[in-house]
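To start, the structure under review is shown below, and the notes come after it.
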DNA sequence: TAGATTGTTAATCGATTAACAATC
DNA sequence: TAGATTGTTAATCGATTAACAATC
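Residue numbers (the working numbering), protein chains in the order written: chain Z, 1 to 206; chain V, 1001 to 1206.
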């Protein structure tokens, strides 16, 4: 299986390719790696290597069959599998993610949110239920939740991470401003907004 | 000047260190690189190198003076300078970012949002005004806005980027699901949620 | 055949980590 | 002096890019 060999950086570009291919699939049937590279200002060898990791069905002179490529990327990203996720922290950011429909394209189904604020418990936002934090363990086990999204304040983040990993969650999407520690078999992806801001802010002062 | 030599990856970790140092500054006066590394599961040489890029005032046996280090990191990140920013796209995510107070710690002041939806124009969210898209050029020039945050749907993202860069904006924070092209002197930071999701989702299927 | 395009092998680059010397 | 800790130099690793061979 080639599966495990796909590098993280390649994987990150896949959704970008997928989205673009879907946007042009009605206008044409084939596309070259250079055309994709040109669209995004990437190196064409890089695109070819990325696509080779999931496809290997590019043909000299004609390029890649768009529909075939779409299927192969969807397969690679697991778009057809379905993953249950919960959000902990139903503040503004938590609610924004809760109501973002686009995740469904990637097979992600956010089934509920949890919050310590008792006035939120039992309410519904955008069709998704918000429960009290006490119910999180039971819910995750019962619904076989595999992914946890943390949008709590920094102070609660590590504790939340510990609780989620203790009830079978294997991947954490962390939007809080700190790095989280987790057991070896749990992957934490840090979406640290302050880090991105640091890069932008530095550029502005140069 | 050491300034330009700070690598992107080092810069990304700076806000994490800063936040941690602020959280312990009342309990102690000094800290070692190894203690910081242990806290986040990082390599201690890496932390030492990161800190050396902004400080160089660590002392054998005693480590770093916490308050001094905080000042040096704040200086490096430009926390005391103030940057005016606008958000284009006042949907759920745009509003979440609009109301996120934490950006102020890094000198970022989101002064307004813009949206094509006429029913939003003229309203106020969390104390911040939302204007019609037609006003964006005039506003950005008048308020000397240097950073633009794009939270529009994919279809509008590149056009928005072009309009923003045309009126003097030098850095773009892109939350839409596509890579944006920009003039050489404009830095685009892509906060691609689908990319992160791809990594997490892959991990869950292995 | 010539030309466009893929795919592979080698070179380069940047970041992390290991080994070690310097210093308080 | 011994021990803890910094800081530097060299080795390793992963990702990007360049050069080139293969193929339709």
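Glycine residues also receive a C-beta, built at the ideal position from the N, C-alpha and C atoms. This structure is a prediction, so every number in the text was calculated from the model and none was measured.
Residue i versus the options, residue with shortest Cα-Cα distance
i: residue 1182(V); options: 1036(V), 1170(V), 1032(V), 1102(V); result: 1170(V)
i: residue 66(Z); options: 18(Z), 206(Z), 190(Z); result: 18(Z)
i: residue 1057(V); options: 1176(V), 1137(V), 1031(V); result: 1031(V)
i: residue 1125(V); options: 1133(V), 1014(V), 1113(V); result: 1113(V)
i: residue 1107(V); options: 1202(V), 1077(V), 1180(V); result: 1077(V)
i: residue 43(Z); options: 71(Z), 10(Z), 203(Z); result: 10(Z)
i: residue 1089(V); options: 1069(V), 1152(V), 1062(V), 1204(V); result: 1152(V)
i: residue 1193(V); options: 133(Z), 101(Z), 163(Z); result: 101(Z)
i: residue 1074(V); options: 1104(V), 1179(V), 1028(V); result: 1104(V)
i: residue 8(Z); options: 204(Z), 132(Z), 187(Z), 203(Z); result: 187(Z)
i: residue 1123(V); options: 1177(V), 1095(V), 1035(V); result: 1095(V)
i: residue 1204(V); options: 203(Z), 189(Z), 205(Z), 206(Z); result: 189(Z)
i: residue 1055(V); options: 1024(V), 1040(V), 1117(V), 1014(V); result: 1014(V)
i: residue 180(Z); options: 1161(V), 1041(V), 1093(V); result: 1041(V)
i: residue 136(Z); options: 164(Z), 91(Z), 39(Z), 99(Z); result: 164(Z)
i: residue 142(Z); options: 127(Z), 168(Z), 161(Z); result: 168(Z)
i: residue 121(Z); options: 91(Z), 99(Z), 109(Z), 146(Z); result: 91(Z)
Euclidean distance between Cα positions of residue i and residue j
i: residue 1081(V); j: residue 119(Z); result: 38 angstroms
i: residue 1021(V); j: residue 1129(V); result: 34 angstroms
i: residue 37(Z); j: residue 53(Z); result: 16 angstroms
i: residue 1199(V); j: residue 12(Z); result: 7 angstroms
i: residue 2(Z); j: residue 156(Z); result: Bear in mind that the predicted position of residue 2(Z) carries a pLDDT of just 40, short of 50, making it too unreliable to give a figure here.
i: residue 1144(V); j: residue 1084(V); result: 7 angstroms
i: residue 1111(V); j: residue 1086(V); result: 6 angstroms
i: residue 97(Z); j: residue 1191(V); result: 14 angstroms
i: residue 50(Z); j: residue 63(Z); result: 14 angstroms
i: residue 1175(V); j: residue 140(Z); result: 29 angstroms
i: residue 28(Z); j: residue 1069(V); result: 56 angstroms
i: residue 1154(V); j: residue 1178(V); result: 6 angstroms
i: residue 1210(V); j: residue 1150(V); result: Absent from the structure is residue 1210(V), since the part of chain V shown begins at 1001 and ends at 1206.
i: residue 79(Z); j: residue 93(Z); result: 24 angstroms
i: residue 1138(V); j: residue 1132(V); result: 11 angstroms
i: residue 71(Z); j: residue 1071(V); result: 51 angstroms
i: residue 16(Z); j: residue 24(Z); result: 13 angstroms
i: residue 1127(V); j: residue 1109(V); result: 12 angstroms
i: residue 161(Z); j: residue 1039(V); result: 15 angstroms
i: residue 1117(V); j: residue 99(Z); result: 18 angstroms
i: residue 1146(V); j: residue 206(Z); result: 12 angstroms
i: residue 1005(V); j: residue 35(Z); result: 34 angstroms
i: residue 166(Z); j: residue 1166(V); result: 51 angstroms
Neighbour-count burial assignment, residue i, 16 or more Cβ in a 10 Å radius
i: residue 1045(V); result: exposed
i: residue 159(Z); result: exposed
i: residue 196(Z); result: buried
i: residue 1148(V); result: buried
i: residue 1060(V); result: exposed
i: residue 201(Z); result: buried
i: residue 48(Z); result: buried
i: residue 26(Z); result: exposed
i: residue 33(Z); result: buried
i: residue 134(Z); result: exposed
i: residue 185(Z); result: exposed
i: residue 209(Z); result: Shown here, chain Z extends from 1 to 206; a query on residue 209(Z) therefore has no answer.
Closer than 7 angstroms at the beta carbon, the chain V residues around residue i
i: residue 171(Z); result: 1200, 1203, 1204
i: residue 81(Z); result: 1205
i: residue 89(Z); result: The premise fails here: residue 89(Z) is roughly 11 angstroms from chain V at the closest Cβ pair, so nothing lies under 7 angstroms.
i: residue 14(Z); result: 1198
i: residue 77(Z); result: 1198, 1201
Chain Z contact residues for residue i, given Cβ-Cβ distances below 7 angstroms
i: residue 1025(V); result: Result: empty, since nearest Cβ-Cβ is about 15 angstroms, beyond 7 angstroms.
i: residue 1035(V); result: Neighbours of residue 1035(V) on chain Z: none; closest Cβ ~14 angstroms, over 7 angstroms.
i: residue 1120(V); result: By Cβ distance, chain Z contributes nothing, its closest Cβ being about 16 angstroms from residue 1120(V), past 7 angstroms.
Where residue i meets chain V, residues with beta-carbon distance less than 9 angstroms
i: residue 189(Z); result: 1196, 1197, 1199, 1200, 1203
i: residue 64(Z); result: Chain V residues near residue 64(Z): none, gap ~19 angstroms exceeds 9 angstroms.
i: residue 84(Z); result: None at all; the shortest Cβ gap to chain V is about 10 angstroms.
i: residue 139(Z); result: In chain order: nothing, as chain V lies at least about 18 angstroms away.
Neighbouring residues, chain Z, relative to residue i (Cβ below 9 angstroms)
i: residue 1022(V); result: Residues of chain Z passing the Cβ test: none, with the nearest at roughly 10 angstroms.
i: residue 998(V); result: Outside the shown range of chain V, which is 1001 to 1206, sits residue 998(V), and nothing can be said about it.
Under 8 angstroms from the C-beta of residue i: neighbouring residues of chain Z
i: residue 1132(V); result: The contacting residues do not exist; residue 1132(V) stays about 22 angstroms from chain Z at best.
i: residue 972(V); result: Coverage of chain V is limited to positions 1001 through 1206, which leaves residue 972(V) absent and any answer about it impossible.
i: residue 1008(V); result: 199
heavy atom of the ligand GDP below 7 angstroms from residue i C-beta
i: residue 1145(V); result: Here there are no bound small molecules, and the ligand GDP is not part of this structure.
Within chain V, partners of residue i - CB distance below 8 angstroms
i: residue 146(Z); result: 1204
Residues within the stretch 192-206 of chain Z neighbouring chain V, beta-carbon criterion of under 8 angstroms: 192, 193, 194, 195, 196, 197, 198, 199, 200, 201, 202, 203, 204, 205, 206
Chain V contacts from the stretch 39-55 of chain Z (Cβ-Cβ distance under 9 angstroms): 39, 40, 41, 42
Near-chain Z residues of the stretch 1156-1186 of chain V - C-beta to any C-beta below 7 angstroms: 1170, 1171, 1173, 1177, 1178, 1179, 1181
Proximal residues, the stretch 96-107 of chain Z versus chain V, C-beta separation under 9 angstroms: 96, 97, 98, 99, 100, 102, 103, 105, 106, 107
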